[in-house]
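A short write-up of the structure that comes next.
In our numbering, the protein residues as written are 1 to 534.
Shown next as structure tokens:
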């Protein structure tokens, strides 16, 4: 009896099986070699083409755009991108994609190489370890990469102007950072700036650091004259931000990442908006205050002690129902921190100091700060002989406010004096004066005519000839007495003879003076004859 042997598989089947295995292995190799498929969302796919647009990182090709289609709500474009296997580690949560194409902006011109090669996607890998497959393509390339060392800060500002992203941040002329993003917060109504300070310059930023806007070109006309300043060309186009410590301030403490600072409009407002200790006074002006603005300085003997806060000051009484009696109220602040004394925070102490000055005659007046711009300031001075306007004092009592009396000054005093002079001129009897002057001119004209007639008379004309003859005779007479004339010689000889005679008479005159009878009796002694007979 024969046994049934199992049927063997034909060797023919080995060929398709082997082909199937090779095909599967090739399919696996193909799929695995293609890398991961990711999806990118972009607001505008201009310049991108499926199958042509490449994905690069540091100019090295790492992928290709396979398909471009619209999103379900038709608001965005969806890019299907195949990333090479060796670059899959770059697909982490904080990685960034953006389109590289020709751009002309405030930071310069970029992407000119794509004019011939076409636009492409650039990938900047992140440092996170979490893998994702969906990304948002940025409209503009990032200014600061995530691995750049430095410090990120946020600045807020209430100004009506805003800087653009990419604008430089300078410190004493050196570029030390950039503005990354600019946004406007509707709730706080403030402009917000996210900035980045490069290392090692981030060590310069401390708790007392102040930031302010720095225009590329600045022209200031103030009491010091004309000041012109110009920064780099980029700052001229985009503007910029600078920072530093106010004079005399301590650096303060170190700060942390994402700390917030206020961005001042200019350097001059840093100190004026940082003074917290102040006292306020109201000034009443009965003259024009043109040229005086909010922020104008208040000076005492040339030193700024405060600033103007409100013009006109309308919050003096409830419902603002009152009359100023033709006077304009101005609110000023005396900022105590400017004195840097131990009593800066003692408001009562400074009230007493100013009260003593008011008793001595403290007054305020307008003063021109710059003749070119017409800017004006408020000057405080002690005028012991000044008399306060009673209307101002009465109005201050009614409104219950502290005031500093005002007085006219500068050009207003000059204008007042000129006006008074003109009034005096107007009060003069000009017509009578002119009539008298005309009469005097007529009299003078008649006199001149009479003199002219006298000069034309023959007798008058002969007078100069006779006078000339008299002068000739006098000259001849004087010439006869000259040194070389005979008369002068004879007179000189006579004088010499007279002097000789006087010298000879001197002994005789001395003898007569000593013995008057010497003229009668001989000078020798005579013996008495009677005595001789004896």
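Yeah, the Cβ is synthetic: ideal placement off N, Cα and C, and Gly gets one too.
Kindly list the residues whose CB is nearer than 7 angstroms to the CB of residue 115, restricted to its own chain and excluding five residues on each side of it in sequence; keep chain order. One-based indexing of the chain shown puts residue 115 at position 115. Within the same chain, residue 115 has close Cβ partners 102.
Beta-ladder partner(s) of residue 535, from DSSP: Given that the chain is displayed from residue 1 to residue 534, the structure contains no residue 535 and the question cannot be resolved.
For residue 223 and residue 295, what's the separation of their Cα atoms in angstroms? Position 223 of the chain shown, counted from the start, is the residue given in the question as residue 223. Position 295 of the chain shown, counted from the start, is the residue given in the question as residue 295. Annotation note: pLDDT 49 at residue 223 (below 50); position unreliable, coordinate value reported separately. Looking at the two C-alpha atoms, the distance is approximately 14 angstroms.
Name the DSSP beta bridge partners of residue 306, please? For the purposes of this step, residue 306 is identified with residue 306 of the chain shown, where counting begins at 1. DSSP lists 298, 334 as partners of residue 306.
Return the CA-CA distance between residue 15 and residue 60, expressed in angstroms with no decimal places. Locating residue 15 in the chain shown gives position 15, counting from the first residue. Locating residue 60 in the chain shown gives position 60, counting from the first residue. Straight-line Cα distance between these residues: approximately 43 angstroms.
Quick check: residue 212 and residue 156, are their CB atoms within less than 9 angstroms of each other? In the chain shown, residue 212 corresponds to position 212, counting from 1. In the chain shown, residue 156 corresponds to position 156, counting from 1. Against a cut-off of 9 angstroms, the Cβ pair of residue 156 and residue 212 comes out as no contact.
Check each candidate in 135, 53, 120, 280 and name the one with the smallest Cα separation from residue 90. For the purposes of this step, residue 90 is taken as the residue at position 90 of the chain shown. Checking every option, the nearest Cα to that of residue 90 belongs to 135.
Considering just the uninterrupted stretch of the alpha helix (DSSP H) at residue 355, what are its terminal residues? Within the chain shown, residue 355 is the residue found at index 355, counting from 1. First-last of the alpha helix (DSSP H) with residue 355: 347-359.
Start and end of the alpha helix (DSSP H) containing residue 394? The sequence position of residue 394 within the chain shown is 394, counting from 1. Here the alpha helix (DSSP H) through residue 394 covers 390-399.
Does any residue of chain D bring its CB to less than 9 angstroms from the CB of residue 52? This model lacks chain D altogether; it includes just one protein chain.
What is the C-beta distance between residue 165 and residue 191, in whole angstroms, given that I count them as a contact (C-beta under 8 angstroms)? Numbered from 1 along the chain shown, position 165 holds the residue referred to as residue 165. Numbered from 1 along the chain shown, position 191 holds the residue referred to as residue 191. No, residue 165 and residue 191 are not in contact; Cβ-Cβ is about 12 angstroms, not under 8 angstroms.
Restricting to Cα atoms, I'd like to know which of 241, 397, 65 is closest to residue 48. Along the chain shown, read from residue 1 onward, the residue named residue 48 stands at position 48. When only C-alpha atoms are compared, the closest one is 65.
In or out: residue 392 buried (at least 16 other Cβ within 10 Å) or exposed? Translated into the one-based positions of the chain shown, residue 392 becomes position 392. Counting Cβ neighbours within 10 Å, residue 392 comes out buried, since at least 16 surround it.
To which residues does DSSP link residue 21 through a beta bridge? Position 21 of the chain shown holds residue 21. Beta-bridge pairing links residue 21 to no other residue.
8 angstroms CB neighbourhood of residue 162 in its chain, flanking five on each side removed: To locate residue 162, count along the chain shown from 1; it is residue 162. Closer than 8 angstroms at Cβ, skipping near neighbours: 182, 184, 191.
Measure the beta-carbon distance from residue 376 to residue 302 and round it to whole angstroms, keeping in mind my assumption that it falls under 8 angstroms. In the chain shown, residue 376 corresponds to position 376, counting from 1. In the chain shown, residue 302 corresponds to position 302, counting from 1. That pair is no contact at about 15 angstroms.
Measuring straight from C-alpha to C-alpha, what distance separates residue 373 and residue 315? In the chain shown, counting from the first residue as 1, residue 373 sits at position 373. In the chain shown, counting from the first residue as 1, residue 315 sits at position 315. The straight-line gap from Cα to Cα measures roughly 30 angstroms.
Residue span of the alpha helix (DSSP H) that contains residue 43, given as start and end: Here the question's residue 43 lines up with position 43 in the chain shown. From DSSP, residue 43 is part of no alpha helix (DSSP H); its letter is neither H nor E.
Considering Cα atoms alone, identify which of 387, 254, 501 is closest to residue 405. Here residue 405 refers to the residue found at position 405 when the chain shown is read from its first residue. Residue 387 is the option with its Cα nearest to residue 405.
Relative to the C-alpha of residue 138, which candidate in 29, 124, 438 has its C-alpha closest? In the chain shown, counting from the first residue as 1, residue 138 sits at position 138. Looking at the Cα atoms, 124 is the closest of the given residues.
Note down, in chain order, each residue of its chain lying with its Cβ closer than 7 angstroms to the Cβ of residue 534, except the 5 sequence neighbours on either side. The residue labelled residue 534 in the question sits at position 534 within the chain shown. At residue 534 the pLDDT is 47, less than 50, meaning the model places this residue with poor confidence; the figure from the coordinates comes in the next sentence. Once the five neighbours on either side are set aside, residue 534 has no close Cβ partner at all.
Since residue 535 and residue 45 should fall inside the 8 angstroms C-beta cutoff, what is the C-beta to C-beta distance between them, to a whole number of angstroms? One cannot answer for residue 535 here, as it falls past the ends of the chain, which runs 1 to 534.
Under the three-state DSSP convention, the category residue 170 falls into: As a working note, residue 170 is residue 170 in the chain shown. DSSP places residue 170 in strand when its eight states are reduced to three.
Backbone secondary structure at residue 327 - three-state DSSP: Here residue 327 refers to the residue found at position 327 of the chain shown. It is coil, neither helix nor strand.
For residue 279 versus residue 333, is the C-beta distance shorter than 9 angstroms? Numbered from its first residue, the chain shown carries residue 279 at position 279. Numbered from its first residue, the chain shown carries residue 333 at position 333. Contact: yes.
Proximity of residue 312 and residue 298 at Cβ, strictly below 9 angstroms: Working through the chain shown from its first residue, we reach residue 312 at position 312. Working through the chain shown from its first residue, we reach residue 298 at position 298. In this structure, residue 298 does not lie closer than 9 angstroms to residue 312 by Cβ.
Simplified DSSP state of residue 473, which is helix, strand or coil: Sequence index remark: in the chain shown, residue 473 carries index 473 (1-based). It is helical.
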